[in-house]
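At position 246 of the sequence shown the residue is numbered 728 (the numbering used here), and the sequence of numbers has no breaks. Report on one structure; see the data block that follows.
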Amino acid sequence: MTVRRIALVAWHVFKEHVRDRVLYAIAGFALLLVAASILLGQLTAGEDVKIIKDLGLAVIEGAGLLMTIFLGVGLVSREIDRRSIISLLAKPLPRWQFIVGKYLGLVLTIVVNVAAMTVALFLMLKYLDWRALPVERAAWDAAAADPHLLLATLMIAIELALLTAVALFFSAFSSSALLSLAFTIGIYVTGVFSLDLRRFGDTVEAPSIVSHVVAAIGWIVPAFSAFDLKAQVVHGLPVPASYVTLTAGYGVIYAAAAVVAAILVFSRREFT
Numbered sequence: 483m484t485v486r487r488i489a490l491v492a493w494h495v496f497k498e499h500v501r502d503r504v505l506y507a508i509a510g511f512a513l514l515l516v517a518a519s520i521l522l523g524q525l526t527a528g529e530d531v532k533i534i535k536d537l538g539l540a541v542i543e544g545a546g547l548l549m550t551i552f553l554g555v556g557l558v559s560r561e562i563d564r565r566s567i568i569s570l571l572a573k574p575l576p577r578w579q580f581i582v583g584k585y586l587g588l589v590l591t592i593v594v595n596v597a598a599m600t601v602a603l604f605l606m607l608k609y610l611d612w613r614a615l616p617v618e619r620a621a622w623d624a625a626a627a628d629p630h631l632l633l634a635t636l637m638i639a640i641e642l643a644l645l646t647a648v649a650l651f652f653s654a655f656s657s658s659a660l661l662s663l664a665f666t667i668g669i670y671v672t673g674v675f676s677l678d679l680r681r682f683g684d685t686v687e688a689p690s691i692v693s694h695v696v697a698a699i700g701w702i703v704p705a706f707s708a709f710d711l712k713a714q715v716v717h718g719l720p721v722p723a724s725y726v727t728l729t730a731g732y733g734v735i736y737a738a739a740a741v742v743a744a745i746l747v748f749s750r751r752e753f754t
């Protein structure tokens with residue numbers, strides 16, 4: 483019964499968001515790739531494939547980030563603004579199931595979006611491979627439709643799932659979508675530079691207390707930059723399996739902790 487309730491909430495969130503936003507994102511992504519392939523067709527042999535890969539992965543991540551942030555911050559606050567939260571919680575639906583269902587629904591939406599754009603990217607790369615001459619293929623660092631691209635998109639999906647959990651926490655914490663948006667973007671930007679913050683004392687001359695505070699922030703915020711494998715995959719560089727496993731585990735554990743924190747915060751809120 484618990485699983486069924488969570489699944490119903492997740493499915494409702496998925497249906498609400500997938501009707502238009504995902505389809506528009508996929509169509510825009512495909513058009514961008516087609517236009518890019520035409521414009522880049524005259525480049526030096528091999529460079530067009532690298533740029534398409536880099537552009538494609540960047541668009542997948544960028545579109546996912548926009549969807550995650552702008553939809554995630556409204557997961558709970560939207561229900562509060564509509565006053566529908568009162569009727570929802572009046573049903574035999576525990577608050578923790580409501581939060582978990584909301585989270586899984588948006589993650590499902592994002593995963594479908596990332597998967598669809600990945601398919602579009604592979605189709606374009608297959609087309610480039612089909613029309614390429616042997617001398618052009620010899621200049622590539624990796625095959626056009628390199629399976630390792632799936633590794634990069636998997637890490638993007640985990641990164642977005644983690645960011646969804648962060649956005650959900652702020653959505654459960656604050657009734658203001660604008661405030662949740664600011665906090666979520668702030669955490670993401672800080673997380674992108676978290677590795678630099680951890681080494682702040684080694685690169686910048688500052689008082690010891692400042693260096694320790696900045697380094698602590700770098701360790702506390704999620705290290706979003708750790709999920710970025712675009713450069714390695716595009717240039718055909720090896721990615722250790724241990725790194726992928728540890729980073730993926732880190733993302734899953736951090737996301738789970740953020741969802742638990744969202745549940746604890748939301749369970750203590752009063753709605754009238």
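All C-beta atoms in this analysis are idealised placements derived from N, C-alpha and C, irrespective of residue type, glycine included.
Are the CB atoms of residue i and residue j nearer to each other than 8 Å?
i	j	result
Val716	Asp530	no
Val711	Met637	Residue identity differs from the one stated: residue 711 is Leu in this sequence, not Val. In this structure, Met637 lies closer than 8 Å to Leu711 by Cβ.
Phe604	Ala627	yes
Ile735	Val703	no
Thr646	Ile592	yes
Phe511	Val541	yes
Lys584	Leu557	yes
Val648	Thr666	yes
Got a sec? Which residues, its chain only, sit under 8 Å from residue i by beta carbon, not counting five neighbours each side?
i	result
Phe651	Ala740, Val741, Ala743, Ala744, Val747
Ile581	Val558, Leu650, Ala654, Val741, Ala744, Ile745, Phe748
Would you tell me roughly how many angstroms separate the C-alpha atoms of residue i and residue j, rounded to the nearest one?
i	j	result
Ala698	Ser749	29 Å
Ala492	Arg577	14 Å
Ser724	Glu543	23 Å
Ile534	Val485	41 Å
Ala610	Ala738	With the sequence shown as reference, residue 610 is identified as Leu, and Ala is not the correct amino acid for it. Going by the C-alpha atoms only, they are around 40 Å apart.
Pro616	Thr727	36 Å
Gln579	Ala489	9 Å
Trp757	Ala730	Limits of the chain in this structure are 483 at one end and 754 at the other, which puts residue 757 out of reach.
Pro532	Ala545	Per the sequence presented here, residue 532 reads as Lys, with Pro not at that position. When rounded, the distance between both Cα atoms is 20 Å.
Arg487	Val495	13 Å
Leu661	Val596	27 Å
Within a Cβ cutoff of 6 Å, which residues of the same chain sit near residue i, ignoring the five residues on either side of it in sequence?
i	result
Gly733	Ile640, Leu644
Leu539	Ala634, Lys712
His630	Val715
Please return the same chain residues whose Cβ sits closer than 7 Å to the Cβ of residue i, not counting the five positions on each side in sequence.
i	result
Trp701	Arg680
Leu553	His499, Leu588
Report yes or no: do three or more beta-carbon pairs, one from the region 707 to 724 and one from the region 675 to 686, lie closer than 8 Å?
Contact between the region 707 to 724 and the region 675 to 686 is present, because at least three Cβ pairs lie under 8 Å.
Taking 8 Å as the cut-off, does the region 582 to 599 touch the region 547 to 556 (at least 3 CB pairs, one atom from each stretch)?
The answer is yes - the region 582 to 599 touches the region 547 to 556, with three or more Cβ pairs under 8 Å.
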